[in-house]
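To start, the structure itself, in structure tokens.
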Amino acid sequence: MDWYMMNCELLATCSALGYLEGDVYHREPDCLESVKDLIRYLRHEDETRDIRQQLGAAQILQNDLLPILVQYPQDKVLFDAIVRLMVNLTQPALLCFGKVPPDATSRHHFLQVLSYLQAYKEAFASEKVFGVLSEKLYDLLQLDWEQRQEEDTLLIERILLLVRNVLHVPPDPTEEQGVDGDASVHDRVLWAMHISGMDDLLKFLASAQAEQQWALHVLEIISLMFRDQSPEELAALGQGQAAAEHGEDTRELETLRQRELAEKRVRALQRPSRHSRFGGSYVLQGLKAIGDRDVVFHKGLHNLKSYSHDLGKETRRVPRRRQAAPEAEPPRRSARNVRLFLCHFCQDFLEGCYNRLMLLVKDQLVREKAQQHDETYYLWATAFFMAFNRRRGFRPELVSETVGIRAFHFIEQNLTTYYEMALMDKKEAATWARRMHLALKAYQELLRTVEEMDRSPEQAVRDSSQVIKSNIFYLMEYRELFLALFRKFDETKQPRSFLRDLVETAHLFLRMLERFCRGRASLVVQSKRVRRKKKKPRAPTSLAPQPPSTAELEELWAGLAPQLQACLQGEVTLPEDVVPFDAASETPVEEQRTEALLRIQGCLRDAQAPQALRLLRSARDVWPEGDVFGPPAAGPLEETRLLQEILFAPLPQHVPPEAEEPEEEEEEDEEEERETVQVSEKEFNFLDYLKRFACAPVVRALVLLLRGYARNSPRTNHCAARLLHRLARDLHMEALLFQLSLFALFHRLLSDPAAGAHQELVALAKFILGKFFALAATNKKAFVELLFWKTPAAIREMTEGYGSLQEGEGAGRSRVPPWTPQEEQELRELYWKYKEVEGEDIIAAILAHLPAPGRTRRQVVKQLVRLGLASSAKDFPRERKGTGLVLWTQEQEEELVRLFEEFQGSEDILGNIMKHLTARRSRARVVEKLLGLGLVSERKELYKKRRRKGHGPGPDVAGTPAVPAQDSSAEDRDSEEEEEEEEEDEAEEGPMEEDWAPEEGAGQGLAHRLHQEGLAGPLRWLENCLRRTAGDREEDGVSHPVPLVPLSEENEDAMEDRRFRALLRQLGLRPPASEQESFWRIPAALTPQQLRHAAASIAHHGPNPPASPQGLLEPPRCPQDPGPAEQLPAGQGSDSESEEPVPVPSPVQPGTKRRRELDSEDEDDGSSGAEPAPAAPSSQEDEEEDLQPLGRRKRVRLVEEEEEDD
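Next comes the structure, spelled out in structure tokens:
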């Protein structure tokens, strides 16, 4: 599409704006409406930004909008519309397209929009335009907050955004090809801002108390103003440094001239004095050609050094993913008058605005009031202005806001975040690397500022520097930062400039740390150690023990009877640390009940009578239903009979299933179960810390940086050479630098005619080469070692002799014990012995008979493959668990439908179906099939219906322990994770009838057990909530479901405890009914009397829970109710953890209602000082209601609630 052929409607709209005649613009009557139409067109442009491109091609901004802005600033409505339109037109191309498009067509549109933006920027380089904007902004800022309307605030923001957009436009490299010192388009825009006074307005916005909301806008504009500037050059300006700048340029030219003259001299020495038309042919001995003969060279000897086998070959193309990251645009030198104005701006900004603005920006960043990634402007400003202050007569009070431990922590935190995101977000790794570079430069400038503070003549400044250094050197995060950045440096994602700053910052940090340690006898630092608890190797699988005979059990019981008698009479103290139920375990509750029976039987068979009796009583409290562990009021004789029957019962022995081995290639012994970080202190040794840098990634990064030694600054070369010198000389690890790529760099350096400018690198190269040839005289393998990057262990072997490392030393040591010849022979015999046995796992049989040390399945399989007894690990497949049935046949579906219709009215539909199914399937598969057949609409219809607890004991109360039956799906629970989730849903989200009421004294045994388990605080909180809710319902006369909101960590943990949730169910509380609910609720059907009974049942009365009275009606006032002078409770549902239960007041006047809220702890504290209100006596109607039957009271409550809703 030709963008110069405009759309008809768009062309008509642009024509209705007006026309330019000379320097005067004549607007049309419909000018304002046309501007609004253009704004509406831009709002509905497509993904190619067609409207934007047509307006840019027609130069509407240059020929119409800017003349209207300049000539009609008094028309407020038109001015506002023009500014809105220009803000939209000058929007950065990256914001328009989201990112740089990868395809060619979209990229063409992106570049086209960018070219129009560059044309807009050139049009804005006008003093008139910025003069109008500055005047309008000045008038708006003169208004007080009372006089400033919302439209004025929006116009201020739009003017700042317009300035930001104009400064954000990147330069056009094809148009701006001038040398340093020429005025670019960006310089002309800056100069127009300076002439118009916009820079003074920015300083006012940065320092004014009433203009805090524009802090980030101002900081972003300032960062764009100084985009091409270097703080060192600006700081050196105006201090008689013009001659210094000229001298710097002269030195650079002199260096280039010396290099050129040296090359000419070398070429002159290589050529003979008399020219020969016959160049000659030479044989290069020792250099083989394609065949077995030596190379024949047909050129002059002066061309011999440039000879290579690669001559004439095509250059191999480097894939894009392996190309080096592009460098950022280098800073250019602006025109001198622009640099002078920027230098004065920096001085004024530091003296009057910097500390205040940085404080406001950081506050907005910490409170997350800023947009995403706005912290990059903060990092840039920290690095730029602190560098300017350091080079311009260092005054630490001007940058005090960004010098301190908090500044170090903030920058280190962002640097670590960028580092982690660059590793995780591979697609945007280059973007994260640029942000990481900004944070690194800010961190470097902080270190330089602290180092400059050490040289301050003021003692207070030097003391502050010592405090800062002691803090950053003490913490481990600051010391480990550079090691992590070196090890994860990737030249395809991070540019060479990042590596340069990283090397310079690491050198500065090491130098400061070395000087800090030098002046102290000892330095204590923080150390963090990650302790990894490894999985223990499984013991060899042994055969299941045979159950004892009846005669043996009778003999065992004869010995246990006296012990049990002593325990029942209280002569032997029962243990307190026996817990039959684990709420954090993933094992279902039914399985834990079976395991409790097995544990009781195991204790009896091990002659541990006290443990068995304690387990029986604890399990009876946890599982009171069904009388599996006896009735609640079981006596000594009944407990003795229960234990005897459990001892003689043929219970199925629990065999733990073999744990699944992970499929990773690491050995199981090295697998981590969990990690714990231990923080301790240790004495710091600088050389030990320096040894952490003696690794291949650090040396590789330094070599990569030194490859461009001719382009590097002397400072960069010095830092890299000093780091290599520390590793080679200070640590005596010269062999760490014996690497071929580094030697090739040394060869290029020593043969460079301008090597005299790099004397430090030349001295290092000669030192390393001398050490290498001295070692090569004794170790002939040193030349081969040049091909590999080395570790400290390899260096030791290379210098002291191969095999000098003791057993267990070195990084490559294995934690797996080696196989001895005797073990290999035994492995062969066991393999041949069990190979022909059918129906048995060979590896399991071998593991059962292998002696210590215990081997894992993977180790045995690998060793069998190494010995040639098996071709691969696939010869020993694992036994698959589960039924393996996936498809349902027609007969199975008919059987499922028949069973569903048969048991549809039963309490446990799914359990009965599972028991009678012919083909074994998991519960999850059966539920899915029932849903697929349309027999049920949702899973909750299959949940086991809960039986009311007021109908007396069932047929199970016989006196014999009932072993819970295992349904047919229990065998494949390990392979079906969905089944476990289904059972948890059945246990926790089962339907609860609204009219269900708890018994009096329900949950007493479980509450007593929870008191002993250490949950006294959550139980007191629950008791207080129940009493307060009872009081509220008596006062209001209306019942609503009240959520239980745990505000403390202890109460939150209790609400996740399965036993605590079981207690809530016994008390009649309702769990979350759907995904919209998050908290348990006290149902509206529970009356105040029932709530008080529930609260009394869980109150702590001593070591043994009292027997609950049955069938008694509640008196008009419960025993815990307060007297007339007692205080009101703090608030409903709060986390009060007082020693005594909070009393509940009597109902107040019948006509009043109290507002119910979920009070926090703060509100509790605030209400503690309220004057206690006397409790009014209960009315006759309330007493009559208390004496009504239970069903009648519920009916009355429900009727009253419906009437109030109506």
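In numbering that gives the first Met the number 0, the protein residues as written are 0 to 1205. Beta carbons: idealized from backbone N, C-alpha and C, even for Gly. In this text the structure is predicted, and so the values were computed from the model without any measurement.
Check whether Arg-865 and Ile-842 have beta carbons under 7 Å apart: no
Through-space distance from Leu-646 to Leu-597, alpha-carbon basis: 9 Å
Selection from Leu-741, Glu-823, Leu-255, Ala-764 that minimises the alpha carbon distance to Phe-787: Leu-741
Residue closest to Thr-504, alpha-carbon to alpha-carbon, out of Asp-489, Ser-521, Leu-484: The option with the nearest alpha carbon to Thr-504 is Leu-484.
DSSP-derived helix/strand/coil call for Gly-867: coil
Limits of the unbroken beta strand (DSSP E) element including Lys-287: 281-287
For Ser-526: DSSP bridge partner residues: Beta-bridge partners of Ser-526 (DSSP): Ser-679.
Meets three-Cβ-pair contact criterion under 8 Å: the stretch 187-201 and the stretch 319-331: no
Nearest residue (CA-CA) to His-1039, options Pro-1087, Pro-66, Arg-1057, Tyr-281: When the alpha-carbon of His-1039 is set against those of Pro-1087, Pro-66, Arg-1057, Tyr-281, the nearest one is in Pro-1087.
Where the beta strand (DSSP E) through Leu-19 begins and ends: Counting along the chain, Leu-19 sits inside the beta strand (DSSP E) bounded by residues 17-20.
Length of the line joining the Cα atoms of Ser-974 and Ala-923: At Ser-974 the pLDDT is 38, less than 50, meaning the model places this residue with poor confidence and gives no usable figure here.
Secondary structure, alpha helix (DSSP H): runs of 4+ residues fully inside the stretch 537-607: The qualifying runs are 549-567, 588-604.
Proximal residues to Gln-643 (C-beta, below 7 Å), its chain only, five neighbours per side dropped: Trp-556
8 Å CB neighbourhood of Leu-748 in its chain, flanking five on each side removed: Tyr-708, Ala-754, His-757, Leu-760, Val-761, Ala-764
contact_flag[the stretch 157-166, the stretch 95-114] where n(CB pairs < 8 Å) is 3 or more: By the Cβ test, the stretch 157-166 is not in contact with the stretch 95-114, since fewer than three Cβ pairs between them sit closer than 8 Å.
Between the CA atoms of Asp-49 and Gln-117 - distance to the nearest angstrom: Taking the straight line from one Cα to the other gives about 17 Å.
Rounded C-alpha distance that separates Ser-1167 from Pro-631: The pLDDT assigned to Ser-1167 is 37, lower than 50, so where the model puts this residue is not dependable; a value taken from the coordinates is nonetheless given after this. If I take the Cα positions, the gap works out to 42 Å.
Coil, strand or helix - His-1010 by DSSP: helix
The alpha helix (DSSP H) enclosing Val-294, as first and last residue numbers: For Val-294, no alpha helix (DSSP H) run applies; the uninterrupted beta strand (DSSP E) run containing it begins and ends at 293-296, by DSSP.
Simplified DSSP assignment, three categories, for Ala-11: Here DSSP, grouped into helix, strand and coil, assigns Ala-11 to helix.
Paired residues, beta bridge with Arg-26 - DSSP: Gly-17
When Gln-1003, Ser-455, Glu-1033, Glu-253 are compared against Glu-1022, the one with the closest alpha-carbon: Residue Gln-1003 is the option with its Cα nearest to Glu-1022.
Contact check, Ser-526 vs Ser-712, beta carbons under 7 Å: Contact annotation: Ser-526 and Ser-712 have beta-carbon atoms that are not nearer than 7 Å.
Through-space distance from Pro-649 to Gln-1065, alpha-carbon basis: 33 Å
Assigned secondary structure, Arg-510 (DSSP; H/G/I helix, E/B strand, else coil): helix
Beta-carbon gap between Glu-444 and Met-385 smaller than 7 Å: yes
Distance, Ala-775 Cα to Phe-782 Cα: So the two alpha carbons sit approximately 7 Å from each other.
Glu-1182 - DSSP class collapsed to helix/strand/coil: Legend: pLDDT at Glu-1182 = 41, less than 50; position of this residue unreliable, value from coordinates given subsequently. The answer is helix: DSSP assigns Glu-1182 an H, G or I state.
Whole-number beta carbon distance between Leu-359 and Ala-214, since they are thought to touch under 8 Å: So it is a contact: roughly 4 Å between Cβ atoms.
Residue range of the unbroken alpha helix (DSSP H) whose run includes Gly-707: No alpha helix (DSSP H) holds Gly-707; DSSP gives it neither H nor E.
Neighbourhood of Glu-784 by C-beta, 7 Å cutoff - its chain only, sequence neighbours within 5 removed: Phe-737, Met-797
Pro-1207, DSSP secondary structure in three states: Residue 1207 is absent from the structure shown; the chain starts at 0 and stops at 1205.
The stretch 610-619 in contact with the stretch 569-578 per 3-pair CB rule at 8 Å: yes
Distance between Leu-941 and His-915 (C-alpha atoms, nearest Å): 16 Å
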